[in-house]
Structure formats: C-alpha cells, structure tokens
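One structure below.
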Amino acid sequence: MYQDVQERTIVALSTPVGTGGIAVIRLSGPEAIRIAQKAFVSARGKRLDQVPSHRAVFGQMQDQGEVIDEVLVLVMRGPHSFTGEDTVEINCHGGMYICQRIIEALIACGASMAEPGEFSKRAFLNGRMDLSEAEAVMDMISAQTAYSLKAAVNQLSGGFSRKVEALRQQLIDTIVAIEVNIDYPEYEDLPEITDDSIIQNCRQVLDQIDELLATAESGRMLKQGVKVAIVGQPNVGKSSLLNLLLREQRAIVTDVAGTTRDVLEERLDLGGIPLRIMDTAGIRKTDDIVEKIGVERALEAAKESDLVLLVLDAGRAVTPEELELLELVRKRPYLLVLNKTDLSENGVAPEPVTQLIGEPELERVLVSMSAKQETGVAELTDKVKELFFAGDVLTSDKPLVTNLRQKEALLRARQALQMVLASQQREQDLLVIDIRQACDALSDAQGRSTQEDVVNEIFSRFCLGK
Ligand code: GDP
13 MYQDVQERTI
23 VALSTPVGTG
33 GIAVIRLSGP
43 EAIRIAQKAF
53 VSARGKRLDQ
63 VPSHRAVFGQ
73 MQDQGEVIDE
83 VLVLVMRGPH
93 SFTGEDTVEI
103 NCHGGMYICQ
113 RIIEALIACG
123 ASMAEPGEFS
133 KRAFLNGRMD
143 LSEAEAVMDM
153 ISAQTAYSLK
163 AAVNQLSGGF
173 SRKVEALRQQ
183 LIDTIVAIEV
193 NIDYPEYEDL
203 PEITDDSIIQ
213 NCRQVLDQID
223 ELLATAESGR
233 MLKQGVKVAI
243 VGQPNVGKSS
253 LLNLLLREQR
263 AIVTDVAGTT
273 RDVLEERLDL
283 GGIPLRIMDT
293 AGIRKTDDIV
303 EKIGVERALE
313 AAKESDLVLL
323 VLDAGRAVTP
333 EELELLELVR
343 KRPYLLVLNK
353 TDLSENGVAP
363 EPVTQLIGEP
373 ELERVLVSMS
383 AKQETGVAEL
393 TDKVKELFFA
403 GDVLTSDKPL
413 VTNLRQKEAL
423 LRARQALQMV
433 LASQQREQDL
443 LVIDIRQACD
453 ALSDAQGRST
463 QEDVVNEIFS
473 RFCLGK
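Position 295, counted from 1, in the sequence shown is what the working numbering calls 307; the numbers after and before it change by one each time, with no gaps.
The structure is reproduced here in structure tokens:
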C-alpha cells in the first residue's frame, strides 16, 4: 500500500540542534552498519558488523582519514530497534560543526539525509507501532507539562490501541457469528446468534466508544493546552494575575510565540496542566482601551476559549457591568477569581454575585486570591482540574483520546453502530454491513488502514531526526 523508499539508509541528528554536552546522530536502513563502519575506527580494532546487537563501541569518526571526533557507537540490529531496521547511533560531542561533519562523512559513505519524521514513519511501516503510537511519540516530544507527558506516555504504551482493538474484536466476533449462520444454515448445532444478542453486543461497544469519546476534551486540552481568557474591569488585577501565574509556573522552554510582551498568547504550566492564556496583549493594554472593549472582548474571548477567568476586586463593591459580564461568561466554563482578598476582611463573594448564581455554583467557581500576596494559585489549580479533568482522568492509566483523527474515527464507528441499533427489523446480513463499517472506523482510529496520503501528512509534521 505504501510507496517505499526503505532501501535508502537515512541519517539525521536526533538530538536538538545547538550546542550540548553530547549529540546523537542516527543512521537507519539496510546499509546502516556498513556505512557507519566506513567512517569509524574502533579504539580496539573492532568491526561494527561483528559486534553483538545493542553493544556500544568506542572509537573515532573519520572523514577520509582525518579525525572528526571521539565517539561511542551503538549498533542495534533490526528488528530490535526503534525503526525495526538496522540502526546505528553515534554519540558524539555536541557541537554543531562536529555533527555536521559527521553527517557529511556518513552521506559521503552512502547514507542519505532523512526527511522530517522519517525514522518514526519507518517504525510505523515496519509494524513497530501503529499510527496512534507514532503520534504519541510526537506528543511526548512536544509535551510541556507533567500531565501532557503522562497522556502521551499512556498513548505510546498502546493503551488506546489495545482498547480499540478489543472493541473491534468484539464486533468481528459478532460478524463471524452472523455470517457462519447465514453461510451454513444446514449445520444445526451452530449456536444461533439472535437479533437481541447482536443488538446487545453493538450496544456494549457503543457504550465503550462513548466512554472513550468522553475523554476527548480532556485529551485535547492536555495536548494543546487549556485556552484561557482573563476578563474583568480595569484595575481588578488581571495583569497582576497573569504575572503571578507566569512567575509561579515552572518555566516552559518554548519557541512558540509567547515570550515577548506584545504577543497574543502566553503558555504556562499550572500544576502540570498546560494553559494558553489568550490575548495577553489585550490584558496588558492601557485601561481606557480595555474599558471600551471590555464587554465585547469578554464575549469574544468566551467564544474562543475553553475557560474564562472573570476577575473581581474584593476591595470594592461589585458593579452592574461586572454582573453583566458574569451573566455572559456563565454560559461557558468559567471561574470567578476574587482578587485582592488582602483588602477585604473575609474574602467571600459579594452579595449580588451570590444572588445571581446561587451558592452551589459559587462553590464550584469561586477562587479567592491575592495577586499581591501571591496566594490562591493552588486553589485555582484545583478548580481548573475539577472543571476539566474530573475523576481520575489525570491520575489513571486509562487511555485518552488525544487527537482529532482518533476522535473522528470513533464518531464514525459510533454512527455505524447507531444504525444497527436503530434498525432492529432488518435482516442480519444487512446489519453486518453496518457492523463492518464500524470495524473499519475502529481500524482507522488505531491507524491501521489509513491511506498513504494521511500517513505522509502525519509524519511530515514530525521534526527532523525523529
Ligand atoms: P488590570 O487593569 O485588571 O490588569 O489590573 P492590574 O493588574 O494592573 O492591577 C491594578 C492595580 O491593583 C495595581 O496597582 C496592582 O498593584 C493592584 N493589585 C493587583 N492585585 C492586587 C491584590 O491582590 N491586592 C492588592 N492590594 N492590590 C492588587
């Protein structure tokens, strides 16, 4: 199905570009060991094609006799390697020039430069992992917080694929039972599959698909970050809150636009949850502009974000405009940040707010804080977790749906099963058609039967050297 270029032996730097203590250059393909041997001289006269798999050899990389660097070379024979092919990893000193020279020497010996994502693509093509797992590798690399990483690791360990496979198997068993009965009606001792048990099987699978789909929002937010809008009247402490959050978080090293002042979005790590604070330029704008666009912006922000933080000033009475804002943001997930509690005696929400939303809702949304005294971040973290990651989503090892491709495939499977459930009067051989469709959709969710162009698209988003 896939057009293949696997006779090429590919090479790339697999550690980040830049200067580091060490760097790893990876070679993969049928000629990997032979090509590495051409540019390598072992300190003890060993030949790479004779060392056992997964053994490191110390020596020098040379370019036509000239020493480039002292290196440690690790030989891994297929299929026991990441790509499933013969692989050689060269641990060299982490200077850009050194890496470049070594890669050039290997290319001169017959390797070709890898395309972005090509190592992972080969791992997929060689059956070392399915597409969901390959995507998980990419997610792990780009994970910026503890929980994002955990979700990616879960995905990589194949939890999602295994779960989906079990569901698919259940449907296949149903199809086989139906077909056997249709094809061999003369065998009377075959257990007959009743319409009821078909329906029951499909319903069971459907319920579990729904359970998986219910994790899609949490999965998306862990992967992409929870989009947060901070809104409120001038001077309530919006930018102080933003600054506090930025100070308290573990620094996120990122090249995503978001580290300079006039950017639209700031990414941060709130207790392991990735947040994307939207429109930070707006938050920092001078008050008169904010005043003019306050309500409009709140509306706009509420539409585009996952979470609205409405900030109130505990040091003064709540205004009619603030109540109006509250009514607007209530339609979406929101938290009410009562800031400047150092200025109020008890820090409870003002009476009109309680009247408007009632005690139970207040309990759920209220976060008391003082940006000045730097209190309340832990409470904010807890409330965000309650809101979006209820139950054991963050702590369990249950699979999460973390990408749109999986979600759409699951929705298709769901739709096909609903057809089965809706059509109880039909002949069993017609039901099989829908059940089969559900099976195909589940295969797609795992990334088994995915079309070549989709595969290429996905792997091209990987970075070079992966
Ligand atoms: P924004 O206009 O909503 O972004 O508000 P700012 O963050 O600029 O804060 C407005 C004023 O309130 C500044 O003088 C802050 O120092 C002050 N402020 C912010 N948070 C607190 C707080 O928790 N307690 C007190 N006492 N003052 C605060």
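Each residue gets a CB set at the ideal place from its N, CA and C atoms; glycine is no exception.
First through last residue of the alpha helix (DSSP H) which encompasses residue 332: Looking at the DSSP string, the run of the alpha helix (DSSP H) that includes residue 332 is 332 to 341.
Inter-residue spacing [alpha-carbon to alpha-carbon] between residue 343 and residue 250: So the alpha carbons of these two residues sit roughly 21 angstroms apart.
Sequence-distant residues of the same chain with beta carbon closer than 7 angstroms to residue 268, five excluded per side: Confidence in residue 268 is poor, its pLDDT being 40 and thus under 50, which makes the residue's placement unreliable; the coordinate value appears in the next sentence. So the qualifying residues of the chain are 279.
Environment of residue 458 [buried if 16+ CB atoms lie within 10 Å]: By the neighbour-count criterion, in which 16 or more other beta carbons inside 10 Å mark a residue as buried, residue 458 falls on the buried side.
Sufficient close CB pairs (3 or more, under 8 angstroms) joining the stretch 115 to 126 to the stretch 59 to 75: With a cut-off of 8 angstroms on Cβ pairs, the stretch 115 to 126 is in contact with the stretch 59 to 75, counting three or more such pairs.
Member of 165, 444, 93 whose CA lies at the smallest distance from the CA of residue 190: Minimum Cα distance to residue 190 is reached at 444.
Residue 417, buried or exposed, once every other Cβ within 10 Å from all chains shown has been counted against 16: With 16 or more other Cβ atoms within 10 Å, it is buried.
Runs of alpha helix (DSSP H) wholly within the stretch 115 to 185 (minimum 4 residues, chain order): Complete alpha helix (DSSP H) runs here, min 4: 130 to 137, 143 to 154, 158 to 168.
Alpha-carbon to alpha-carbon, residue 164 and residue 47: The C-alpha of residue 47 lies about 34 angstroms from the C-alpha of residue 164.
Boundaries (first-last residue) of the beta strand (DSSP E) holding residue 73: If you look at residue 73, you'll find it in the beta strand (DSSP E) that goes 67 to 75.
Contact under 9 angstroms by Cβ, residue 105 with residue 34: Contact: yes.
Backbone CA spacing between residue 446 and residue 235 [nearest angstrom]: Distance between the alpha carbons of residue 446 and residue 235: 32 angstroms.
Bridge partner(s) assigned by DSSP for residue 346: 320.
For residue 161 and residue 312, the rounded distance between their alpha carbons: C-alpha separation (whole angstroms): 31 angstroms.
Cα-Cα separation, residue 61 to residue 394: Taking the CA atoms as reference points, residue 61 sits about 56 angstroms from residue 394.
Check whether residue 170 and residue 141 have beta carbons under 9 angstroms apart: Contact check for residue 170 against residue 141 passes: the beta carbons are separated by less than 9 angstroms.
Bridge partner(s) assigned by DSSP for residue 244: Looking at the DSSP assignment, residue 244 forms no beta bridge with any residue, so it has no partner.
Element boundaries [alpha helix (DSSP H), containing residue 94]: Looking at the DSSP string, residue 94 is not in any alpha helix (DSSP H), and its letter there is neither H nor E.
Spatial distance of residue 387 from residue 318 (CA atoms): Roughly 24 angstroms between the two C-alpha positions.
Residue 223 to residue 124 span [Cα, whole Å]: When rounded, the distance between both Cα atoms is 45 angstroms.
Closest residue to residue 256 among 59, 355, 86, 392 (Cα-Cα distance): That would be 392, whose Cα lies nearest to the Cα of residue 256.
For residue 32, the first and last residue of its enclosing beta strand (DSSP E): Per DSSP, residue 32 belongs to the beta strand (DSSP E) from 32 to 40.
Burial state of residue 272 (16 or more Cβ within 10 Å): Per-residue confidence for residue 272 stands at a pLDDT of 37, beneath the threshold of 50, marking its modelled position as unreliable; no derived number is given.
Rounded separation between residue 353 and residue 288 - CA only: About 25 angstroms.
Distance cut-off 8 angstroms: residue 397 Cβ against heavy atoms of the ligand FAD: With respect to the ligand FAD, the structure shown offers nothing to examine, as its ligands consist of the ligand GDP.
Own chain partners of residue 176 with C-beta closer than 6 angstroms, once the 5 adjacent residues on each side are dropped: Cβ within range, chain order: 454, 457, 458.
For residue 134 and residue 9, the rounded distance between their alpha carbons: Past the boundaries of the shown model lies residue 9; the chain is included only from 13 to 478, so the question cannot be answered.
Spatially closest choice to residue 173 from 188, 195, 146, by CA coordinates: When each option's Cα is compared against that of residue 173, the closest is 146.
Boundaries of the beta strand (DSSP E) in which residue 22 is found, first to last residue: Per DSSP, residue 22 belongs to the beta strand (DSSP E) from 22 to 25.
Stretch-stretch touch, CB-based, cutoff 8 angstroms, three pairs: the stretch 212 to 227 with the stretch 322 to 334: In the pairwise beta carbon analysis, the stretch 212 to 227 is classified as not touching the stretch 322 to 334: fewer than three pairs are separated by under 8 angstroms.
Any non-hydrogen atom of the ligand GDP within 8 angstroms of residue 382 CB: Taken from the Cβ of residue 382, at least one heavy atom of the ligand GDP lies inside 8 angstroms.
Expected contact under 8 angstroms - CB spacing of residue 412 and residue 230 to nearest Å: The pair is a contact, with the Cβ atoms about 6 angstroms apart (cut-off 8 angstroms).
Nearest to residue 252 (by Cα), restricted to the options 337, 384, 184: Here the closest residue by C-alpha is 384.
Closest Cα partner of residue 285 within the set 398, 423, 82: The shortest CA-to-CA distance from residue 285 to any of 398, 423, 82 is the one to 398.
First through last residue of the alpha helix (DSSP H) which encompasses residue 219: From DSSP, the alpha helix (DSSP H) with residue 219 extends over 207 to 225.
Residue 362 CB to nearest heavy atom of the ligand GDP below 8 angstroms: Because no heavy atom of the ligand GDP lies under 8 angstroms away, the Cβ of residue 362 does not count as near it: no.
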